[in-house]
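Here's the structure, in structure tokens; my notes come after.
Protein chains: 2
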Amino acid sequence: MAVTMNDVARAAGVSLKTVSNVLNNYEFIKPATRQKVLDAIAELGYEANLTARSLRSGKSRMLGLVVSDLSVPYYAELASRLMTVAAARDYRVLVEQSAATRANELTALQGSLSQLTDGLLFTPLVLDADAIAAARRGTKPLVMLGEHIDDPRFDQVTMKNVGAAKAMTAHLLAGGRRRIAVIGASPGDGAGSPGLRLAGYREALAEAGVAFDPALIVPAEWRRDGGASAVARLLDGGQPFDAVFGLNDALALGAMHELLLRGVRVPEDAAVAGFDDIDEARFSSPSLTTVAPGMNEIAERCVQLLIDRIEGSEKADSGVHVEAQFELRIRASAPADRVSQLPQTGTSPASASAAEGKVDP
Amino acid sequence: MAVTMNDVARAAGVSLKTVSNVLNNYEFIKPATRQKVLDAIAELGYEANLTARSLRSGKSRMLGLVVSDLSVPYYAELASRLMTVAAARDYRVLVEQSAATRANELTALQGSLSQLTDGLLFTPLVLDADAIAAARRGTKPLVMLGEHIDDPRFDQVTMKNVGAAKAMTAHLLAGGRRRIAVIGASPGDGAGSPGLRLAGYREALAEAGVAFDPALIVPAEWRRDGGASAVARLLDGGQPFDAVFGLNDALALGAMHELLLRGVRVPEDAAVAGFDDIDEARFSSPSLTTVAPGMNEIAERCVQLLIDRIEGSEKADSGVHVEAQFELRIRASAPADRVSQLPQTGTSPASASAAEGKVDP
DNA sequence: CTGAAAGCGCTTACAG
DNA sequence: CTGAAAGCGCTTACAG
């Protein structure tokens, strides 16, 4: 029913191979022959059957993207950009959600997703480098996204977690904050985004001569509700603090929501900072100070790296590691200068018993 | 290199067809034969080549999803759910972004997306029913999402736009609001989400005996920044209002951000309501009153309808139309009772000159 | 520069 | 219940 290459060949009076040559931009074709073929294609409305091409050539021009949950704003924004960047090189992106479970991450690596695609952009959250190396079958390219893995065996595109968290912490310290709670990590975390960002926090504290207090490090699921309940626990525990650093924006926004609900003023009683600079951060009330981790650069570099591996133009023997540049976005939730925000009031540490809220958005 | 059906057939001592029969759950196979085949599959680690299956059978077990922009929270949350629902029926979802341009919507309908998938979930924003009917090639099933199209030729899954907007407006009126600004529509809008939601708003006003004032209807791009700038124009125009109904949550959240920035108290000076109930709405400050449009139901019904069309179990001659049930989510930005919020202050209409902001989150 | 043939790995009539 | 053969629509060596 659909028009095939055979129909085109017949209409143009050439062989199948010649049509294929034209479609694949083979260079040594007589202009007249090429034109005959192009005319026939246009006249018949021929479109190549991608499935047949894929079966024969072994290439699908699809990239797989594995994230835990596409409804997480950071992943949604990343996926959207990845699709746009990939489309510019004539690739599609096929997304798979892992729900951050071991079984699903293994399936993503071994199952039909990798069969359907030419390579994978993988954000592992539970599998470690050895598990991934062991699970991997075949030789299709694999680029790691995020910071859970840091291993010379793998190509990897990340953000400057340590440096960015350090810069943000330094910003809060410069604003006069001394008891900065961290939401989304455990004191002992070493690897992955939580551990790296916590390390940056500690470096900044050390340079400023501020003691590290493990009581200020509050574990939480990296979602808005996780941030909210972490702050609730912090306030209920009576631990004084004058700033909250959510290790991603969802945590920070959830934290800010709970603070305001409890009557803690932001930024007067407690500054709030996040990490990711999702679109929502600009429009929260107060707007959220956060780290812009260079998402555009991440999207471009990882698609480019993966396609270069697929097409063989990137030949490095060991893993290529790319780190995107970050920027701080200073907004109302944690302004540069604490004093200028509060000409008359002065500062008081936040607590569960803070008075009626008053917010400067 | 990969294990093929032929290898399995040889190992099991049966023909290719028998292996195929086992894989496709053909019922009349001797248990012993089936077991031999299953053993061989397990031993060799055979996995069916989906591309070959797709080429031969003409079915890919992929659904196409066309939205304007996957980074829009509503679409991200919808896509995430669609994937989960589809996966339960052993289908994948391939997403394409149209950027709400005519050219891209046509491409999505005619191009390689429809070739790669067994059917399309399509959210048209610029194409109308006739254009879609004309552009459509072949006979692959197509289910419309959203309200831009309402045409008996097409299957369609929508929300109760009119009823939900009417209920929300009635809620605002019941709270004592009389000058309710609408963000995201033009006074003349008739069709699509803006027109339908505006119609619900007008019905509620009429039933309450409140006059419709076109000066309160403010057009805007359906994004956070659109909501913010629409409110800025409204305030700058000096038009008094005591509530803002953003026709989606992004608009409402952007509007709320701008109100608070200008010192307009929410909900004291102006209540704010939205539409969609994205996750963010629960965690804004104040939390956002909005319409939950039944996204789970929408996701389930549209995937089910599309797959039933693909597999032939849905045989209706004309378009099947499904409307999901909605619920109001009453939160702090527009509580049920205005007076209880303000025991001592009373009400004053918002204006650009409103005094220093004070927010009850 | 172009053609005739083989084959990617399945499913699908068609026999038996 | 199972087998041998054809064919989905391409690309890829191999000739010439």
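Chains as they are written, first to last, in this note's numbering: chain R, 1 to 361; chain H, 1001 to 1361.
Cβ coordinates follow ideal geometry from the N, Cα and C atoms, glycine included.
The C-beta of R/Met83 comes closer than 8 Å to at least one C-beta of chain H.
A straight line joining the alpha-carbon of H/Arg1331 with that of H/Arg1282 spans about 8 Å. Note that the region 126-134 of chain R touches the region 144-158 of chain R; at least 3 beta-carbon pairs, one per stretch, sit closer than 8 Å. In terms of CA proximity to R/Asp269, R/Phe241 leads the group R/Leu328, R/Phe241 and R/Asp90.
Within the DSSP bridge table, the entry for R/Ile180 names R/Ala243 as partners.
Inside the region 190-276 of chain R, DSSP marks whole beta strand (DSSP E) runs of 3 or more residues at positions 243-246 and 271-273, from first to last along the chain. At a C-beta separation below 7 Å, R/Phe245 has no neighbours in chain H, since its nearest C-beta there lies roughly 17 Å away. As the crow flies, the alpha-carbon of H/Val1266 is around 8 Å from that of H/Leu1259. Taking 8 Å as the CB threshold, R/Glu314 stays off the interface with chain H. Restricting attention to alpha helix (DSSP H) runs no shorter than 4 residues, the region 1117-1155 of chain H encloses them at 1129-1135, ordered along the chain.
Every unbroken stretch of the alpha helix (DSSP H) spanning 4 or more residues and falling wholly within the region 1038-1104 of chain H is given here in chain order: 1050-1057 and 1073-1088.
Rounded to the nearest angstrom, the Cβ distance from H/Ala1255 to H/Asp1277 is 16 Å, too far for a contact under 8 Å. Put simply, of H/Asp1236, H/Ala1228 and H/Gly1238 the residue whose alpha carbon is nearest the alpha carbon of H/Phe1245 is H/Ala1228. Contact annotation: R/Pro124 and R/Leu306 have beta-carbon atoms that are not nearer than 8 Å. Shown in chain order are the members of the region 1069-1095 of chain H whose Cβ falls below 9 Å from a Cβ of chain R: Asp1069, Leu1070, Ser1071, Val1072, Pro1073, Tyr1075, Ala1076, Glu1077, Leu1078, Ala1079, Ser1080, Arg1081, Met1083, Thr1084, Ala1087, Arg1092, Val1093, Leu1094 and Val1095. The beta-bridge partner set that DSSP reports for H/Glu1300 is empty. Three or more Cβ pairs closer than 8 Å define a contact, and the region 163-175 of chain R meets that threshold against the region 323-330 of chain R.
Under the Cβ criterion of 8 Å, H/Asp1249 is not counted among the residues facing chain R. Between H/Ala1334 and H/Ala1273, the beta carbon gap of about 5 Å places them in contact (Cβ cut-off 8 Å). For the region 1030-1056 of chain H, the residues whose beta carbon sits under 8 Å from a beta carbon of chain R are, in order, Glu1047, Asn1049, Leu1050, Thr1051, Ala1052, Ser1054 and Leu1055. Taking R/Asp249 as the centre and dropping the five residues before and after it, the same chain places the C-beta of Pro73, Tyr74, Gly274, Phe275, Asp276, Asp277, Ile278, Glu280, Ala281, Leu288 and Thr290 closer than 8 Å to its C-beta, in chain order. When the five nearest sequence neighbours on each side are left out, the beta carbons in the same chain lying within less than 6 Å of the beta carbon of R/Thr158 are those of Glu147 and Glu323, in order along the chain. At a cut-off of 8 Å between C-beta atoms, H/Met1005 does not count as an interface residue with respect to chain R. Look at H/Glu1268: its C-beta is not under 8 Å from any C-beta on chain R.
Around the C-beta of R/Arg223, 16 or more other C-beta atoms lie within 10 Å, and the residue is accordingly described as buried.
Secondary structure at H/Arg1329: strand, using DSSP grouped into helix, strand and coil. Under the DSSP definition of a beta bridge, H/Ala1324 partners with H/Met1159.
In the DSSP annotation of this structure, H/Val1291 is not part of any alpha helix (DSSP H); the continuous beta strand (DSSP E) holding it starts and ends at Thr1290 to Ala1292.
Chain-ordered, the chain H residues with CB closer than 7 Å to the CB of R/Met256 read Ser1285.
Out of H/Asp1118, H/Asp1317 and H/Leu1127, the CA that lies nearest to the CA of H/Gly1058 is found in H/Asp1118. Using a C-beta cut-off of 8 Å, the region 1033-1045 of chain H makes contact with the region 1004-1024 of chain H, since at least three inter-stretch Cβ pairs fall below that distance. Excluding residues up to 5 positions away in sequence, Val93 lie with their Cβ nearer than 6 Å to the Cβ of R/Met83 in the same chain. Distance from the CA atom of R/Ser114 to the CA atom of R/Ser60, rounded to whole angstroms, is 11 Å. At a beta-carbon threshold of 7 Å, the residues of chain H lying near R/Arg224 are Asp1279 and Phe1283, ordered along the chain. H/Ser1112 reaches chain R at Leu50, counting residues in chain order whose Cβ is nearer than 7 Å.
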